[in-house]
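Residue numbers (UniProt numbering), protein chains in the order written: chain A, 1 to 341; chain B, 1 to 341. For every residue, glycine included, the Cβ atom is placed at its ideal position computed from N, Cα and C. In this text, all values refer to a predicted model and were calculated from it rather than measured experimentally.
2 protein chains.
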Amino acid sequence: MTSGQPRRRATITDVAEAAGVAASTVSRAFTRPGRVNHATREHVLAVAEELGYTPNPAARALESGRTNTLGLLVPDITNPYFAGVIKGAERAATAAGLTLVLGDTQENPATEEQLVRRLGPAVDGFVLSASRLPDDELRRAAELCPIALINRATPGVACIVADYDTGTRQIVDHLASLGHRGFVFLGGPPESWSGARRWSGLRAAAQAHGMVATRFGPYAPTLAGGPAAADAVLASEATAVVAHNDMLAIGVMRRLAERGVDVPGQVSVVGFDDIFGADFCNPALTTLAERTEDAGSRAIEALVQQTHARIEHPAARVLPTQLVVRASTGRVRRASPRRRA
Amino acid sequence: MTSGQPRRRATITDVAEAAGVAASTVSRAFTRPGRVNHATREHVLAVAEELGYTPNPAARALESGRTNTLGLLVPDITNPYFAGVIKGAERAATAAGLTLVLGDTQENPATEEQLVRRLGPAVDGFVLSASRLPDDELRRAAELCPIALINRATPGVACIVADYDTGTRQIVDHLASLGHRGFVFLGGPPESWSGARRWSGLRAAAQAHGMVATRFGPYAPTLAGGPAAADAVLASEATAVVAHNDMLAIGVMRRLAERGVDVPGQVSVVGFDDIFGADFCNPALTTLAERTEDAGSRAIEALVQQTHARIEHPAARVLPTQLVVRASTGRVRRASPRRRA
DNA sequence: ATGAAAGCGCTAACAG
DNA sequence: CTGTTAGCGCTTTCAT
């Protein structure tokens with residue numbers, strides 16, 4: 001059923017010959033609609049259509065130096081948090097007529113650097129999501145080609161960050177309104193920029209409320225990090241915990257359930273990210289939602305701006321967050337003796 | 001902090017001049033290590049390194065006609081089912097020194113076709129995952145450039161499919177061993193190739209067991225499809241349901257919980273895919289796991305083979321599935337009166 | 001408004 | 001082993 005040869009793609013010269021015009025006219029018909037006779041253009045376009053002609057992007061890139069391609073690097077494609085980023089970036093790129101190349105850094109700075117180097121010549125710019133690269137390396141890369149960061153701020157580099165200040169305040173307000181007098185923060189990886197922002201926001205908000213905020217950890221920001229974190233919570237007298245992210249929060253809840261601890265009856269649990277699954281785990285998780293798709297598309301837009309004209313002092317774009325209250329948080333119960341397994 | 005101009009990338013001529021050799025020698029130093037004097041090569045490479053030279057992929061592509069780029073199209077990037085496919089494909093592509101371009105077809109045949117057309121000239125081939133394109137269009141596209149399909153079989157086109165025959169038999173065996181005398185299949189989109197395969201496998205296996213298999217639906221293969229499906233199940237006397245996919249299964253379980261129906265006490269629920277979340281929904285879902293990462297990497301490999309040499313009769317690669325038994329399936333209870341909300 | 005010609009960066013003949 | 005030359009497909013002056 002397969003045809004013998006993948007037949008050669010039609011080139012601009014093929015179209016030119018078939019249409020009886022010069023190659024440059026065909027080129028103009030596609031790229032400078034105004035600078036060519038209307039009738040000629042119609043004719044050329046028709047012939048091109050018939051021949052199934054599409055401009056060769058490589059040739060265009062060679063000439064212009066621009067590839068019309070953008071790179072997006074994420075730590076882990078299967079992490080649902082980044083699915084939204086990818087989706088938003090893909091949509092924005094397509095809308096701008098650009099192609100998106102995806103790279104998975106495997107949470108590894110070395111892989112990330114390697115990808116930047118390898119992909120560099122093939123793209124007009126990079127979106128680096130939750131980059132693990134040190135500041136100076138980021139800056140160096142930004143000198144070579146436009147870069148936009150997501151949830152990572154580095155002076156001189158464009159970035160899109162979530163509004164953790166407001167978000168964490170909302171979380172603390174929520175817990176306070178439920179009668180909690182303090183909470184435990186279950187920390188994630190120490191190098192995580194967003195983790196640091198989350199904790200500092202929470203601490204400041206707690207102070208403003210006269211609440212006691214304690215930080216435990218670091219824990220792996222995964223389901224597997226749950227048991228250790230949950231046990232530490234149980235050993236404390238905390239009535240509420242805020243986890244580094246939803247993965248950890250869900251892992252904690254699972255362990256608490258095994259231990260016969262009622263959530264939110266005995267302990268309230270809050271996460272970050274509002275990942276896929278946060279609404280159907282048990283109990284459904286109260287969490288701070290980030291607009292990941294927006295972050296992805298905004299980052300692409302920032303990049304596009306930079307490729308048009310070098311921006312001297314790229315601004316940090318702050319995206320609103322949103323507290324989604326579900327079933328994992330509730331009123332603090334007085335003196336309910338905690339049952340242990 | 002940003003430097004004024006993104007300095008011009010070094011070209012092969014820059015290196016040639018700096019090294020005092022011809023451009024072609026530089027080229028050979030990179031691509032034909034054997035055909036150049038060892039000392040010359042060392043020198044050239046050193047100069048290139050110093051100048052930060054990297055070959056321009058666009059120029060290479062223009063010359064060779066090969067872009068060293070592969071396209072991967074999925075219906076919905078945020079659907080966790082495809083995250084594994086993307087990850088596996090990305091890994092395989094990187095391992096092969098190829099770049100992966102990602103496209104989201106938005107479950108829309110028109111968008112898919114458009115993406116194929118737009119990306120076509122920029123890639124050496126496509127992996128189409130769960131394509132919605134009709135057979136003839138798929139075949140037509142396959143004539144223009146190498147294509148590999150995932151979970152979709154079209155004669156003459158390479159494909160990677162899950163072993164639904166064995167998988168569905170495992171599901172039915174499992175239900176039979178728990179004492180169920182029949183089950184309801186909650187169908188997904190009518191155009192879904194894998195949906196059709198799932199149902200025909202289940203039906204055949206049921207027949208072999210003398211079990212009664214009934215098909216309901218179609219339902220949206222999402223959480224939102226759950227309520228309608230669950231209510232239909234309740235109206236029947238089914239003791240077990242098999243849903244088109246995990247999303248629907250989880251949606252069904254959620255509704256059943258709202259209705260006070262115990263899973264698996266009163267109804268057993270089985271899904272397909274083993275998506276992220278299937279293990280932490282409540283109860284944890286029994287489901288048929290597909291090796292999505294494998295599917296992604298295998299598809300890339302099949303594509304790479306095709307780009308090397310045109311394969312006349314590409315084989316269909318069947319990937320094993322795996323029944324993951326969790327908490328949502330159990331022994332059928334006799335005569336337990338069903339409580340309705 | 002259109003054609004002719006040069007050149008983007010690289011590789012592949014073809015000499016030498 | 002290495003230099004010279006031509007050309008991949010396209011855009012872009014520069015003429016006309």
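Using the C-alpha atoms, what's the distance from residue j back to residue i?
i	j	result
arginine 338 of chain B	serine 268 of chain B	Caution applies to arginine 338 of chain B, whose pLDDT of 49 falls short of 50 and renders its modelled position unreliable; the value that the coordinates give is listed next. The alpha-carbon atoms of arginine 338 of chain B and serine 268 of chain B are separated by roughly 13 Å.
glycine 260 of chain A	serine 200 of chain B	43 Å
glutamine 170 of chain B	arginine 198 of chain A	46 Å
alanine 10 of chain B	alanine 58 of chain A	18 Å
valine 332 of chain B	valine 270 of chain B	14 Å
isoleucine 160 of chain A	arginine 215 of chain A	26 Å
leucine 202 of chain A	cysteine 145 of chain B	54 Å
aspartate 311 of chain B	threonine 31 of chain A	The question names aspartate, yet the displayed sequence has isoleucine at residue 311 of chain B. Approximately 37 Å, taken between the alpha carbons.
glycine 65 of chain A	serine 192 of chain A	35 Å
glutamate 237 of chain B	aspartate 274 of chain B	26 Å
proline 277 of chain A	glycine 217 of chain A	According to the sequence displayed, residue 277 of chain A carries glycine and not proline. Roughly 24 Å between the two C-alpha positions.
threonine 287 of chain A	serine 328 of chain B	26 Å
glutamine 266 of chain B	histidine 180 of chain B	11 Å
threonine 54 of chain B	alanine 23 of chain B	14 Å
methionine 253 of chain B	threonine 78 of chain A	24 Å
residue 342 of chain B	proline 227 of chain B	The structure shown does not extend to residue 342 of chain B, since chain B spans only 1 to 341, so no value can be given for it.
glycine 182 of chain B	proline 155 of chain B	34 Å
Using three-state DSSP, classify residue i as helix, strand or coil.
i	result
glutamine 322 of chain B	strand
isoleucine 12 of chain B	helix
arginine 333 of chain B	coil
isoleucine 160 of chain B	strand
alanine 238 of chain B	coil
threonine 94 of chain B	helix
alanine 205 of chain A	helix
arginine 317 of chain B	strand
threonine 166 of chain B	helix
histidine 180 of chain B	coil
valine 172 of chain B	helix
aspartate 294 of chain A	helix
arginine 259 of chain A	coil
valine 21 of chain A	coil
glycine 265 of chain A	coil
serine 192 of chain A	coil
valine 32 of chain A	The amino acid occupying residue 32 of chain A in the given sequence is arginine; valine does not appear at that position. Coil at arginine 32 of chain A, not helix or strand.
With DSSP as the reference, please indicate the residues paired to residue i in a beta bridge.
i	result
phenylalanine 272 of chain A	A:Leu288
serine 129 of chain B	B:Ile150
phenylalanine 280 of chain A	Per DSSP, none; premise fails for phenylalanine 280 of chain A.
arginine 215 of chain A	A:Phe185
aspartate 104 of chain B	B:Val74
alanine 243 of chain B	B:Leu186
threonine 69 of chain B	B:Thr99
Figure out for me which residue from the options has the closest Cα to the Cα of residue i.
i	options	result
histidine 43 of chain A	A:Thr222, A:Asn56, A:Arg28 and A:Glu301	A:Arg28
methionine 213 of chain B	B:Ala230, B:Leu223 and B:Thr239	Reading off the sequence, residue 213 of chain B comes out as alanine, not methionine. Alanine 213 of chain B has its Cα closest to that of B:Thr239, out of B:Ala230, B:Leu223 and B:Thr239.
aspartate 262 of chain B	B:Ala46, B:Thr286 and B:Gly330	B:Gly330
leucine 102 of chain A	A:Ala95, A:Ala235 and A:Pro75	A:Pro75
asparagine 149 of chain B	B:Tyr53, B:Leu73 and B:Phe185	In the sequence under discussion, the amino acid at residue 149 of chain B is leucine, which differs from the asparagine named in the question. The shortest Cα separation from leucine 149 of chain B among B:Tyr53, B:Leu73 and B:Phe185 belongs to B:Leu73.
valine 184 of chain A	A:Val233, A:Gly156 and A:Leu133	A:Val233
valine 325 of chain B	B:Trp193, B:Pro33 and B:Leu178	B:Leu178
leucine 100 of chain B	B:Ala176, B:Thr78, B:Val304 and B:Ser131	B:Val304
arginine 249 of chain B	B:Ala224, B:Val21 and B:Lys87	Note that residue 249 of chain B corresponds to alanine in the displayed sequence, not to arginine. Out of B:Ala224, B:Val21 and B:Lys87, B:Ala224 has the C-alpha closest to the C-alpha of alanine 249 of chain B.
serine 297 of chain B	B:Arg118, B:Ala289 and B:Arg317	B:Arg317
serine 129 of chain B	B:Gly84, B:Leu288, B:Arg41 and B:Tyr164	B:Gly84
threonine 164 of chain A	A:Val157, A:Arg152 and A:Gln306	Strictly speaking, residue 164 of chain A in this sequence is tyrosine, with threonine absent from that position. Of the candidates A:Val157, A:Arg152 and A:Gln306, the one whose C-alpha sits nearest the C-alpha of tyrosine 164 of chain A is A:Arg152.
alanine 176 of chain B	B:Val157, B:Val242 and B:Gly34	B:Val242
aspartate 290 of chain A	A:Ala257, A:Ala229 and A:Gly167	Looking at the sequence shown, residue 290 of chain A is not aspartate but glutamate. Nearest C-alpha to glutamate 290 of chain A: A:Gly167.
threonine 222 of chain B	B:Asp173, B:Phe272, B:Ala196 and B:Arg60	B:Phe272
glutamate 293 of chain B	B:Pro109, B:Tyr81 and B:Gly20	B:Tyr81
glutamate 90 of chain B	A:Ala89, A:Arg91, A:Lys87 and A:Thr105	A:Thr105
proline 134 of chain B	B:Asn108, B:Ala61, B:Arg41 and B:Arg118	B:Asn108
Between the region 6-20 of chain B and the region 202-213 of chain A, do three or more beta carbon pairs fall short of 8 Å? no
Three Cβ pairs or more, each shorter than 8 Å: is that satisfied between the region 123-136 of chain B and the region 277-288 of chain B? no
Is there contact here, the region 105-119 of chain A with the region 311-327 of chain A, by at least three beta-carbon pairs under 8 Å? no
Cβ contact (3+ pairs, closer than 8 Å) linking the region 91-102 of chain A and the region 131-143 of chain A: no
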